[in-house]
Amino acid sequence: MLLYHGIAAASRERFTVARERFLQQIEILLATEHTAITIGELADCIRGARALPARPVVITFDDGYEDTPAAVHRLVAAGLRATVYLTAGSIGADGMISAAQVAALAECGPPVELGAHSISHPRLDELEPHALRREIIEGKQIVEQLAGGAIDTFAYPHGAYDARVRAAVIEAGFRSAAAVKNAISHTGDDPWAIARYTVTRDMRADRFARVLDGSGAPPAWRDERRRTRIARAGRRVRRRLSAREANGA
Ligand SMILES: [Zn+2]
Numbered sequence: 003m004l005l006y007h008g009i010a011a012a013s014r015e016r017f018t019v020a021r022e023r024f025l026q027q028i029e030i031l032l033a034t035e036h037t038a039i040t041i042g043e044l045a046d047c048i049r050g051a052r053a054l055p056a057r058p059v060v061i062t063f064d065d066g067y068e069d070t071p072a073a074v075h076r077l078v079a080a081g082l083r084a085t086v087y088l089t090a091g092s093i094g095a096d097g098m099i100s101a102a103q104v105a106a107l108a109e110c111g112p113p114v115e116l117g118a119h120s121i122s123h124p125r126l127d128e129l130e131p132h133a134l135r136r137e138i139i140e141g142k143q144i145v146e147q148l149a150g151g152a153i154d155t156f157a158y159p160h161g162a163y164d165a166r167v168r169a170a171v172i173e174a175g176f177r178s179a180a181a182v183k184n185a186i187s188h189t190g191d192d193p194w195a196i197a198r199y200t201v202t203r204d205m206r207a208d209r210f211a212r213v214l215d216g217s218g219a220p221p222a223w224r225d226e227r228r229r230t231r232i233a234r235a236g237r238r239v240r241r242r243l244s245a246r247e248a249n250g251a
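In the working numbering, the protein residues as written are 3 to 251.
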């Protein structure tokens, strides 16, 4: 599960990936026959409501920069889905995504999932209860208004969350949430703290490929109890997929 921030003609800083490198990464995703699903779809897989495709990948963008829509449209044109988390208070600001661009992304339909990423991008685990709820609930409402539909996935700013923040996100009606962890997510992951691996400016093709095939980053384990449940769910998904293959589907 990949986490991008900005994609620019020339990389400005560590979390901005140069456009050329991003295009090369799309080529790698296609050459390795990865199927991109959204965070919401991954959460459904974790819950056992949907089978994971072969070689799944989740591509996410945080914050919502002015160059994010172009990158997302590139992915969609290549048949890859993406999830975009928007910092509500930054929409329309200098260098950031505009309200019209948000509406255009919403019109892409199922290949593009829009998510909330708070209003002002604070560390939520440091906020008082009232401010915490406001950042989560009002941030959701703002994005919903611009998107013209329900938003049910959230990304923790700075990847910062604790049990209280996670509970507030669930209470606000979100069905999934993305963390950072820099690990590989899987069907045993927590749907309200899905692991993502940050793609940085200096990430070369070989490293990117190793993160994709799972050899370049650790799996995200929640706890032992869950680990057994996951192994069980993984077996169930594998059984379902092989049954489907046997049926020629
Ligand atoms: Zn962010």
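Yeah, the Cβ is synthetic: ideal placement off N, Cα and C, and Gly gets one too.
Count the other CB atoms, across all protein chains shown, that sit within 10 Å of the CB of Pro131; report buried if there are 16 or more and exposed otherwise.
Numbered from 1 along the sequence shown, position 129 holds the residue referred to as residue 131. Exposed: under 16 other Cβ atoms inside 10 Å.
For Val59, which three-state DSSP category applies?
Here residue 59 is taken as the residue at index 57 of the sequence shown, counted from 1. Of the three classes helix, strand and coil, the one that applies to Val59 here is strand, per DSSP.
Identify whether Glu189 lies in helix, strand or coil by the three-state DSSP scheme.
For the purposes of this step, residue 189 is identified with residue 187 of the sequence shown, where counting begins at 1. The question names Glu, yet the displayed sequence has Thr at residue 189. Coil, per DSSP.
Give the straight-line distance between the Cα atoms of Ile144 and Asp215, rounded to the nearest whole angstrom.
The sequence position of residue 144 within the sequence shown is 142, counting from 1. The sequence position of residue 215 within the sequence shown is 213, counting from 1. Ile144 and Asp215: Cα-Cα distance of roughly 37 Å.
Find the nearest neighbour of Leu116 within the set Ile30, Arg203, Glu43, Val213, judged by alpha-carbon distance.
By one-based count along the sequence shown, residue 116 stands at place 114. Ranking Ile30, Arg203, Glu43, Val213 by Cα distance to Leu116 puts Glu43 first.
For Ile30, the three-state DSSP class (helix, strand or coil)
Against the sequence shown, residue 30 aligns to sequence position 28. Looking at Ile30 - three-state DSSP - the assignment turns out to be helix.
Using only Cβ atoms and a threshold of 6 Å, which residues come within that distance of a heavy atom of ligand 1? Order them by chain position.
Asp64, Asp65, His119, His123, Pro159
Ser178 by DSSP, collapsed to three states: which one?
As a first step, residue 178 is located in the sequence shown; it is residue number 176 there, counting from the start. Reduced to three states, the DSSP call for Ser178 is strand.
Give the C-beta separation of Thr34 and Ala211 to the nearest angstrom, bearing in mind that I take them to be a contact with Cβ-Cβ under 8 Å.
By 1-based counting over the sequence shown, the position of residue 34 is 32. By 1-based counting over the sequence shown, the position of residue 211 is 209. Correct: roughly 7 Å between the Cβ atoms.
How many angstroms separate the CA atom of Ala1 from the CA atom of Glu146?
Past the boundaries of the shown model lies residue 1; the chain is included only from 3 to 251, so the question cannot be answered.
Residue closest to Phe63, alpha-carbon to alpha-carbon, out of Asp96, Leu88, Ala45:
Working through the sequence shown from its first residue, we reach residue 63 at position 61. For Phe63, the nearest C-alpha among the options comes from Leu88.
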